[in-house]
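Enquirer: All the letters of the sequence shown, read from the start, carry residue numbers -23 to -1, 1 to 510 under mature numbering (1 follows the signal peptide of the UniProt record, and there is no 0).
Note that CB positions come from ideal geometry on N, CA and C, so glycine has one too.
Please read these numbers as outputs of a predicted model, since none were measured by experiment.
Please read through the structure below; I'll follow up with questions.
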Amino acid sequence: MLRSKMFALLLLFLLSISWEATSDLAHENFLQCLLNHSQPSYPISTAIYTPNNDSYSSVLQSYIRNLRFNMSTTPKPFLILTALHESHVQAAIICAREHNLQMKIRSGGHDYEGVSYVSDVPFFVLDMFNLRSIDVDVSSETAWIQVGATLGEVYYRVSEKSKAHGFPAGVCPTVGVGGHFGGGGYGNMMRKYGLSVDNIIDAKMVDVNGRLLDRKSMGEDLFWAITGGGGSSFGVVLAYKINIVRVPEVVTVFRVRRTVDQNATDIVEQWQQVAYNIDDDLFIRLTMDVVNSTTRIGENTVRTTFRALFLGDSERLLSIMNASFPKLGLLRSDCIEMSWLESVLFWTDFPLGTPTDALLSRTPQSLVYLKRKSDYVQKPIPRDGLEGIWKKMIELQVPQLTFNPYGGKMWEIPATERPFPHRAGNLWKIQYATNWNEGGQEVANYYIDLTRQLYSYMTPFVSKNPRQAFLNYRDLDLGINHNGKESYLEGRVYGIKYFEKNFNRLVKIKTRVDPGNFFRNEQSIPTFPYRKK
């Protein structure tokens, strides 16, 4: 018995050595392939980092935005390719296909589940952060933006060329363009101008065969797919061409807080009736968290925060608010007039007066361990429902809720116009947000479970059949694709929630342009299953 156990252990040891040797050889061959495909004018060697490089860890960690995936136990790539030229992207695809290796594509690293830089199988990261050029043409009101640029850089460069222009995208300035646009991209001008992808007019990408394509050469189907269907399922997008939008010289912002003790429930009831159909120039986000009560010592209460961007001056804003949303009791002293670019800083909680070039920083204001989930609401939550939510939040303590109102332009655009389907009929989107500051899987499991409990509690109040979700708020709880024989069925589980009736069109396009499913991840678009004729 002892001898058989020792023999089994020896066999496992020898097999592991054999597998590691085979794996190391494959990685060496891949590295050699990259070097062989290097163009003399754009050498690829300076863009390659392996664990043997002193800079490997700093390159890997510099774009990890969720500390859950920056632990010693987190799987690491065997190589990072920080592409400096489109030829490097082409080489990565050709060589990875040739050696059957998993490639992850990262632009800003804000994927909530780390999907752009973590994998359970041996993998390498194609890091796009060096491809960050922004070329603004005010005369045509367009701009070409490479996917490694950040939203803050986009806003700054557009405003640098014209104070009368901006762009509708996210409020976090360190988010990378690639993932943001690939999933739809929304921000506080979406009621006026729609999503980021509603304002994209062209793109450049490298397909599975290493070909460089633009909108004309890729065709309308593929262009449609990469503007909201998750670009990394179809190829490597290099750049997007956008229409920049008009913004007034002066915009107005406010942030008003009310606790349940200060009649927040009454105010939220009215917000539910007006936020989605108020003037399109006005976006009022509602965030709820748990704080200490100031009237009941030793007890907690729910605090509501109403944060707004209004594309106009405070006088017109006050007129609209007094007529449509009087219960908030907005005062002139609550309103702050500023430039549109300065409003981006306000929405990111920079102190008033912070120089606008802070938007060029690629360092987040803070890094935490986090979990996010999403939902859509299609009818107002009744008062007793709100009171139950407050009670549940106080019980759970940590998870926060954010309601982002729709309506306006979001309701005018057909659900099939882009892969993003959450249009008319959706009153607002919910984000569930839980942050913590302590490492370890046991701690993570605790906080993730709190988030799931609140998500479960909200079931009666949100969309059904399917329970919709937002791709940019990546959530692996919705399903994971193992990219095997059951790929289509696994993909359909989360795909219908993210894309609804657009899912099968995405699968059809995927099957045509990437039949071997090279561009894959834990929640990528699958191909249709092969059927024998």
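#1: For the alpha helix (DSSP H) holding ASP198, just list the boundary residues, first then last.
#2: What would DSSP say about GLY187, mapped onto helix, strand or coil?
#3: List the residues that DSSP assigns as beta-bridge partners of SER351.
#4: If we ignore side chains and look at the alpha-carbon of each, how far apart do PRO359 and ALA69 end up?
#5: Excluding sequence positions up to five away, which residues of its chain have a Cβ less than 7 Å from the Cβ of ARG339?
#6: Where do the ends of the beta strand (DSSP E) carrying LEU378 lie?
#7: So the candidates are HIS14, VAL36, SER18, LEU58; which of them puts its Cα closest to the Cα of ALA24?
#8: Report buried or exposed for MET265, applying the criterion of at least 16 other Cβ atoms within 10 angstroms of its Cβ.
#9: Evaluate LYS478 with the Cβ neighbour count: other Cβ atoms within 10 Å of its Cβ, from every protein chain shown; 16 or more gives buried, anything less gives exposed.
#10: Counting only the same chain and skipping the five closest in sequence on each side, list residues whose C-beta sits under 8 Å from that of PHE505.
#11: Where ILE178 and TYR217 are concerned, what is the direct C-alpha to C-alpha distance, given to the nearest angstrom?
#12: According to DSSP, is LYS510 helix, strand or coil?
#13: Distance check for VAL251 and PHE7, CA to CA, integer angstroms please.
#14: Can you tell which of HIS62, ALA60, SER34, ARG42 has the C-alpha that lies nearest to the C-alpha of LYS53?
#15: Whole angstroms is fine: what's the gap from ILE457's alpha carbon to ARG497's?
#16: Hey, would you say LYS304 sits closer than 8 Å to ASP361, going by beta carbons?
#17: Could you give the distance in angstroms between the alpha-carbon of PRO443 and the alpha-carbon of LYS474?
#18: So, helix, strand or coil for ILE41, using DSSP?
#19: Between the Cα of ASN269 and those of THR281, ASN165, ARG482, spot the shortest distance and give me the residue it belongs to.
#20: State the beta-bridge partners of LEU286 as determined by DSSP.
#21: In angstroms with no decimal places, state the Cα-to-Cα distance between PHE476 and MET387.
#22: Taking Cβ positions, are ILE219 and ILE122 nearer each other than 8 Å?
#23: Would you check if the distance between the CB atom of ASP311 and the CB atom of VAL214 is smaller than 8 Å?
#24: Smallest Cα separation from ILE407: which of VAL98, TYR423, PRO382?
#25: Grab the span of the alpha helix (DSSP H) containing GLU314 for me, first residue to last.
Expert: Reading from the atomic positions:
#1: As a position in the sequence shown, residue 198 is number 221, starting the count at 1. First-last of the alpha helix (DSSP H) with ASP198: 197 to 202.
#2: Taking the first residue of the sequence shown as position 1, residue 187 is located at position 210. Note: GLY187 maps to coil in three-state DSSP.
#3: Numbered from its first residue, the sequence shown carries residue 351 at position 374. Partner(s): GLN408.
#4: Residue 359 sits at position 382 when you count from the first residue of the sequence shown. Residue 69 sits at position 92 when you count from the first residue of the sequence shown. Taking the straight line joining both Cα atoms gives about 53 Å.
#5: Within the sequence shown, numbered from 1, the residue matching residue 339 stands at position 362. Shown here for ARG339: same chain residues with a beta carbon closer than 7 Å to its own, the five before and five after excluded, namely THR127, THR151 in chain order.
#6: As a working mapping, residue 378 is identified with position 401 in the sequence shown. Where LEU378 is concerned, the enclosing beta strand (DSSP E) stretches over 377 to 382.
#7: Within the sequence shown, residue 24 is the residue found at index 47, counting from 1. Ranking HIS14, VAL36, SER18, LEU58 by Cα distance to ALA24 puts LEU58 first.
#8: As a position in the sequence shown, residue 265 is number 288, starting the count at 1. It is buried - the Cβ of MET265 has at least 16 other Cβ atoms within 10 Å.
#9: By one-based count along the sequence shown, residue 478 stands at place 501. LYS478 comes out exposed.
#10: Locating residue 505 in the sequence shown gives position 528, counting from the first residue. Correct list, in chain order: TYR465, VAL484, LYS485, THR488.
#11: Numbered from 1 along the sequence shown, position 201 holds the residue referred to as residue 178. Numbered from 1 along the sequence shown, position 240 holds the residue referred to as residue 217. Distance between the alpha carbons of ILE178 and TYR217 is about 8 Å.
#12: Within the sequence shown, residue 510 is the residue found at index 533, counting from 1. At LYS510 the pLDDT is 45, less than 50, meaning the model places this residue with poor confidence; the figure from the coordinates comes in the next sentence. In the three-state reduction of the DSSP assignment, LYS510 falls in the coil class.
#13: One-based indexing of the sequence shown puts residue 7 at position 30. One-based indexing of the sequence shown puts residue 251 at position 274. Taking the straight line joining both Cα atoms gives about 57 Å.
#14: Locating residue 53 in the sequence shown gives position 76, counting from the first residue. Put simply, of HIS62, ALA60, SER34, ARG42 the residue whose alpha carbon is nearest the alpha carbon of LYS53 is SER34.
#15: Here residue 457 corresponds to residue number 480 of the sequence shown, with the count starting at 1. Here residue 497 corresponds to residue number 520 of the sequence shown, with the count starting at 1. Those two C-alpha atoms are separated by around 11 Å.
#16: Counted from its first residue, the sequence shown places residue 304 at position 327. Counted from its first residue, the sequence shown places residue 361 at position 384. The answer is no: Cβ separation not under 8 Å.
#17: On the sequence shown, residue 443 is found 466 positions in, with the first residue counted as 1. On the sequence shown, residue 474 is found 497 positions in, with the first residue counted as 1. So the alpha carbons of these two residues sit roughly 6 Å apart.
#18: In the sequence shown, the residue the question calls residue 41 occupies position 64. Residue state, collapsed to three classes: coil.
#19: Working through the sequence shown from its first residue, we reach residue 269 at position 292. Considering only alpha carbons, the answer is THR281.
#20: Mapped onto the sequence shown, residue 286 falls at position 309. According to DSSP, LEU286 bridges with VAL230, PHE260.
#21: Translated into the one-based positions of the sequence shown, residue 476 becomes position 499. Translated into the one-based positions of the sequence shown, residue 387 becomes position 410. Going from the Cα of PHE476 to the Cα of MET387 covers about 15 Å.
#22: Numbered from 1 along the sequence shown, position 242 holds the residue referred to as residue 219. Numbered from 1 along the sequence shown, position 145 holds the residue referred to as residue 122. The answer is yes: Cβ separation under 8 Å.
#23: Working through the sequence shown from its first residue, we reach residue 311 at position 334. Working through the sequence shown from its first residue, we reach residue 214 at position 237. Against a cut-off of 8 Å, the Cβ pair of VAL214 and ASP311 comes out as no contact.
#24: As a first step, residue 407 must be located in the sequence shown, where it is residue number 430. When each option's Cα is compared against that of ILE407, the closest is PRO382.
#25: Numbered from 1 along the sequence shown, position 337 holds the residue referred to as residue 314. Where GLU314 is concerned, there is no enclosing alpha helix (DSSP H), although the beta strand (DSSP E) it sits in stretches over 313 to 315.
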